[in-house]
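Taken in sequence, the protein lines are chains A and B. Its first residue numbered 8, the first sequence is counted upward by one per residue in this note's numbering. Its first residue numbered 2, the second sequence is counted upward by one per residue in this note's numbering. Even for Gly, the Cβ is constructed at its ideal location relative to N, Cα and C. Just so you know, these numbers come straight off a predicted model, no measurement behind them.
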Amino acid sequence: AQKITQTQPGMFVQEKEAVTLDCTYDTSDPSYGLFWYKQPSSGEMIFLIYQGSYDQQNATEGRYSLNFQKARKSANLVISASQLGDSAMYFCAMREEDSGAGSYQLTFGKGTKLSVIP
Amino acid sequence: NAGVTQTPKFRVLKTGQSMTLLCAQDMNHEYMYWYRQDPGMGLRLIHYSVGEGTTAKGEVPDGYNVSRLKKQNFLLGLESAAPSQTSVYFCASSPFLAGDYEQYFGPGTRLTVT
Chain A
8 AQKITQTQPG MFVQEKEAVT LDCTYDTSDP SYGLFWYKQP SSGEMIFLIY QGSYDQQNAT
68 EGRYSLNFQK ARKSANLVIS ASQLGDSAMY FCAMREEDSG AGSYQLTFGK GTKLSVIP
Chain B
2 NAGVTQTPKF RVLKTGQSMT LLCAQDMNHE YMYWYRQDPG MGLRLIHYSV GEGTTAKGEV
62 PDGYNVSRLK KQNFLLGLES AAPSQTSVYF CASSPFLAGD YEQYFGPGTR LTVT
């Protein structure tokens, strides 16, 4: 079973509108974290936002917020007031502990391509 | 600070050739990672390291070897390249700090094996 599922291969949003990118995850580890990364056409991976499994409040970073619903195992990214520069691939990723090595690994979803329409 | 750098940025290999990708970070991070990104597959972990002199296998380690002789460098080797290893390779690093889990990525290396 996939650990991270992003069901939207592509999305369109009108400039200045809000958009939600879906992410569901699967883990039995009580301690985990969820990330969103942005990958523009230039190819670099840009960190957007992080939510820990024990965090009581939803994470926010500027126009980005993470809608964390623990019981439903979802961690959707909400982008408010979309801009043309938001057009990119967006990846959801999960951090799990690797107890054998004393570190942690990230598992990525397949991504959602967001296109912002002027 | 340069952050995470990768050398080279592009490379074309013939089947059976070998090469080494270099990743360097100047943030004194303990953890380093190598990922590959294929179309429609997201990023998949190849190997990682939790400190100087240590390495461990990730999700797709076959056909690759790694070494971490110095804390700031993480090398990815392909001993006998195959067309299936055509991909974009990303290196990342992260600190060993509770609560600071962000992985900092390099710009990527685009490898084509013909």
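Straight-line measurement puts the Cα of S50 of chain B at about 4 Å from the Cα of T56 of chain B. Listed by position along chain B, the residues whose Cβ is nearer than 8 Å to that of Y32 of chain A form an empty set, because the closest Cβ is around 13 Å away. M96 of chain A is positioned such that its CB atom lies no closer than 9 Å to that of L41 of chain A. Taking C-beta atoms under 8 Å as the contact rule, V20 of chain A and S89 of chain A qualify, at a distance of about 5 Å.
In the three-state reduction of the DSSP assignment, S85 of chain B falls in the helix class, which pools H, G and I. For K45 of chain A, the enclosing beta strand (DSSP E) begins and ends at Y39 to Q46. Close partners of P108 of chain B in chain A (Cβ separation under 8 Å): G50 and E51.
Bridge partners of G17 of chain A according to DSSP: A:K120. Around the C-beta of D93 of chain A, 16 or more other C-beta atoms lie within 10 Å, and the residue is accordingly described as buried.
Along the region 76–100 of chain B, going in chain order, the ones with a CB nearer than 9 Å to a CB of chain A are V89, F91, A93, S95, F97 and G100. Distance from the Cα of L121 of chain A is smallest, within the candidate group A:P16, A:Y32 and A:G59, for A:P16.
Taking R12 of chain B as the centre and dropping the five residues before and after it, the same chain places the C-beta of L112 closer than 6 Å to its C-beta, in chain order.
Residue-level contact check: Q26 of chain B does not touch chain A, since none of the beta carbons of chain A fall below 9 Å from its beta carbon. Non-local beta-carbon contacts of G118 of chain A in its own chain, meaning distances under 7 Å to residues more than five positions away in sequence, involve Q13, M96, Y97 and F98 in chain order. In the displayed model, L91 of chain A falls within a helix according to three-state DSSP. In this structure, the CA atom of K72 of chain B is about 11 Å from the CA atom of C24 of chain B. Sequence-ordered contacts of the region 110–122 of chain A with chain B read S110, Y111, Q112, L113, T114, F115, G116, K117 and G118 [C-beta pairs closer than 8 Å]. Taking 9 Å as the CB threshold, L46 of chain B lines the interface with chain A.
Proximity of the region 79–86 of chain B to the region 14–33 of chain B meets the contact definition, three or more beta-carbon pairs being nearer than 8 Å. In chain order, E22 place their CB closer than 6 Å to the CB of P125 of chain A, counting only its own chain and leaving out the 5 sequence neighbours on each side.
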